[in-house]
Amino acid sequence: MSDELDRIRREMHSVLQPEGVRPDDSLKITRRTFIHGSLIFGAATVGQAFAWWPLLNTLDIAHAAETPFKFAWISDTHLYPRSLNTRFVDKVVRAAQEVQAMDPPADFLIFGGDLAQLGKIEELELGVDLLKEIKIPQHYIPGEHDWYLDMGKKWGELFGQPNWTFDHKGVRFIGLDTVSRGPDYWTAKNMTPEERMGHMATLDGTVAGPWAGVGRDQLDWMEKTLADWDKQRPVVIFSHNPLYEYYPPWNFWVRDWREVHEVLKPYAKVTNIHGHVHQVLYNEIGTLRSIGMLATSWPWPYAPEGLPKLTKPMIRVDPGDPYDGVGWSKIDVAANDQLETEYIMWGRKEVFVQSPEDHDKHVSEVIRPRIADNMWPYR
Amino acid sequence: MTTHSKIRCSLRRFPLIGGIAIAAVFAGPTSAHKDPVKPEQLKAYQEVFMEEVRKGDLLFHGDQKMAEQLGVADDLSKTGMACAMCHPMASDTHPQSFPKFQAQIAKFATLRDMINWCIEKPNQGVKIDPESEAMKALEAYITWSNTGSVLQPGKF
Ligand SMILES: [Fe+2]
Ligand SMILES: [Fe+2]
């Protein structure tokens, strides 16, 4: 896998990034700085990254708005039925209360997918019920855990079209569906809906394959949607999966990232906010910046390779504390062309690593894909 | 001169080693040590190992049937959580760092201690017998999945 990943990642960078530009140590990350070419690329080590990354838990990611406003993000609640797991329920209740208590209030809530754990009607309905406590407008995009039991039937009944767009105070927002176009891995193997969901719900499974994608039809829709938009004005895109290639073995990507970037290339200020990775993540490729959000349910470890060099990693969490490493996010859109995200991580004052020992990759590891889901009785 | 002395030394020990070998023949199956290892044997040993890896992989990923087969279905998890949900491909399990002082348990711990801690705390299950096949299978899968990692015992 590693060689293949190396090859394709080199390809991604050669397609999308200028070569060898590095920021100096005094750099503050702002949108303007990045637009003018200070992309970090190449040999930066984790240590170097610590030295120049601004030590604050908000990101200055500059974008224009006519009047300042805030919105909130919650994702990856992975709800089981209440009778099985109350911890996940409690954390959604807490996130909902905190979003509702924002003062001044957020203009809207984005729910970034993986509301349910196994796509069950009762899990999805439980999510709706818990998030009803939030009285501001809500916009939902699907996660793979919401979809593959009934192929999005219940999700569609509850939330409607999975991709959508709206303009708000000078910013164009787009919600994408990056989960529903998985290649059919179930028909030939005569899987039950539960088996299909089970394979999809296993992040490190080998059966569901490269399911994450935007799809030609949706790319065309996005192109049309953006056609009347001023190329210098801000665009914010919500997706469940990151729109670049971080770690394909866990589907931390969309397989058609080339086409996505092709559509977005003409636009100078594009921010993608995504879920699915359950971790702090930041990347810039070409004109697209990407921000990964926390789950409320549980944190994933960083992938063994491919962590973007622009990411200041989140702190290594205590597995004994269900509130550590998880939470939700506030996003401030300011009138002076700026947009800031703030990670609300419940277990911590310091969201980011403070020393190499705080990083979950401090113990170096080499890992390999699982085998048992490709052997009898699954094959 | 030195060489000569070594040979003499070996010759003197020989009867003793022979004695141990003979005792071992009576005590248990050591005939495998008498002949060079055969490809069929290597294959058989590997198959035993990989079968445990397979079982451990299934347990680690929450497979109910395997948990029942190994008698731990009621113990491994009571929250719906499975090991792999926080440890895809057994990442972040760090078998190469054990034994060590484990902060969560606040004691010097082995990998098996930590597996049982995860069963009890995040999974809210019931500790399993450290000598059980289920535990050995989990250990087999976790270490196999981390093949190639460098031993760093004691590392935080
Ligand atoms: Fe998720
Ligand atoms: Fe997901």
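So the protein lines, in turn, are chains A and B.
Residue numbering for the first sequence follows the numbering used here, beginning at 480 and increasing consecutively.
Residue numbering for the second sequence follows the numbering used here, beginning at 91 and increasing consecutively.
Where is the CB? At the ideal position from N, CA and C, for every residue including glycine.
- At a threshold of 7 Å, Asp593(A) counts as near ligand 2, since its beta carbon sits closer than that to one of the ligand's heavy atoms.
- For Asp663(A), the three-state secondary structure derived from DSSP is coil.
- Distance from the C-beta of His624(A) to the nearest heavy atom of ligand 2 is below 7 Å.
- Not one beta carbon of chain B lies nearer than 8 Å to the beta carbon of Val739(A).
- Excluding the 5 residues flanking it on each side, Ala687(A) has same chain C-beta neighbours closer than 7 Å at Gly661, Tyr664, His678, Met679, in chain order.
- Lys599(A) counts as buried, since at least 16 other C-beta atoms from the protein chains shown sit within 10 angstroms of its C-beta.
- Scanning chain B for C-beta atoms nearer than 7 Å to the C-beta of Asn564(A) yields Thr169, Gly170, reported in chain order.
- For Trp736(A), the secondary structure class from DSSP, reduced to helix, strand or coil, is helix.
- Contact note: Leu637(A) does not reach chain B at a C-beta cutoff of 7 Å; the least C-beta distance is about 22 Å.
- Residue pairing for Asn762(A): DSSP places it in a beta bridge opposite Ser769(A).
- For secondary structure counted as the alpha helix (DSSP H) over 4 or more consecutive residues, the stretch 599 to 664 of chain A holds these complete runs in sequence order: 600 to 610, 623 to 626, 632 to 638.
- With fewer than 16 other CB atoms across the displayed protein chains lying within 10 angstroms of its CB, Asp707(A) is exposed.
- Contact between the stretch 585 to 597 of chain A and the stretch 610 to 630 of chain A is present, with at least three C-beta pairs closer than 8 Å.
- Listed along the chain, the chain B residues whose CB falls inside 8 Å of the CB of Gln596(A) are Gly170.
- Contact with chain B is absent for Gly692(A), since none of that chain's Cβ atoms lies less than 8 Å from the residue's Cβ.
- Within 9 Å of the CB of Ala851(A), the CB atoms of chain B belong to Val143, Arg144, Lys145, Gly146, Asp147, Leu148, Phe150, His151, Asp153, Met156, Tyr231, in sequence order along the chain.
- Restricting attention to beta strand (DSSP E) runs no shorter than 3 residues, the stretch 154 to 196 of chain B encloses them at 190 to 192, ordered along the chain.
- Taking C-alpha positions only, Gly161(B) is separated from Glu819(A) by approximately 51 Å.
- The stretch 761 to 769 of chain A makes no contact with the stretch 628 to 640 of chain A, as fewer than three CB pairs between them are under 8 Å.
- Between Pro185(B) and the set Asn236(B), Pro129(B), Leu132(B), the nearest pair of CA atoms involves Asn236(B).
- Non-local beta-carbon contacts of Val143(B) in its own chain, meaning distances under 7 Å to residues more than five positions away in sequence, involve Ala230, Tyr231, Trp234 in chain order.
- With a 10 Å radius around the Cβ and a threshold of 16 neighbouring Cβ atoms, Lys791(A) comes out buried.
- Close CB contacts of Met171(B) within its chain, under the 7 Å cut and outside five residues either way in sequence, are with Pro212, Asn213 (chain order).
- Chain-order list of chain A residues neighbouring Ser187(B): Val842, by C-beta distance under 8 Å.
- The stretch 843 to 850 of chain A makes no contact with the stretch 824 to 834 of chain A, as fewer than three CB pairs between them are under 8 Å.
- Linking Ala667(A) to His624(A) through their CA atoms gives a straight-line distance of about 21 Å.
- For Thr237(B), at least one C-beta of chain A is nearer than 8 Å to its own C-beta.
- Residues of the same chain with a CB within less than 7 Å of the CB of Glu844(A), apart from the 5 flanking positions on each side, are Pro783 in chain order.
- His753(A) has its CB no nearer than 7 Å to any heavy atom of ligand 2.
- Of all residues in the stretch 173 to 186 of chain B, only Ala174, Met175, Cys176, His177, Pro178, Met179, Ala180, Ser181, Asp182, His184, Gln186 place a beta-carbon less than 8 Å from a beta-carbon of chain A.
- Those residues of the stretch 669 to 690 of chain A placed with their C-beta closer than 7 Å to a C-beta in chain B are Thr681, Leu682, Asp683, ordered along the chain.
- Excluding its 5 nearest sequence neighbours in each direction, Thr704(A) has C-beta neighbours in its own chain below 6 Å: Thr644, listed in chain order.
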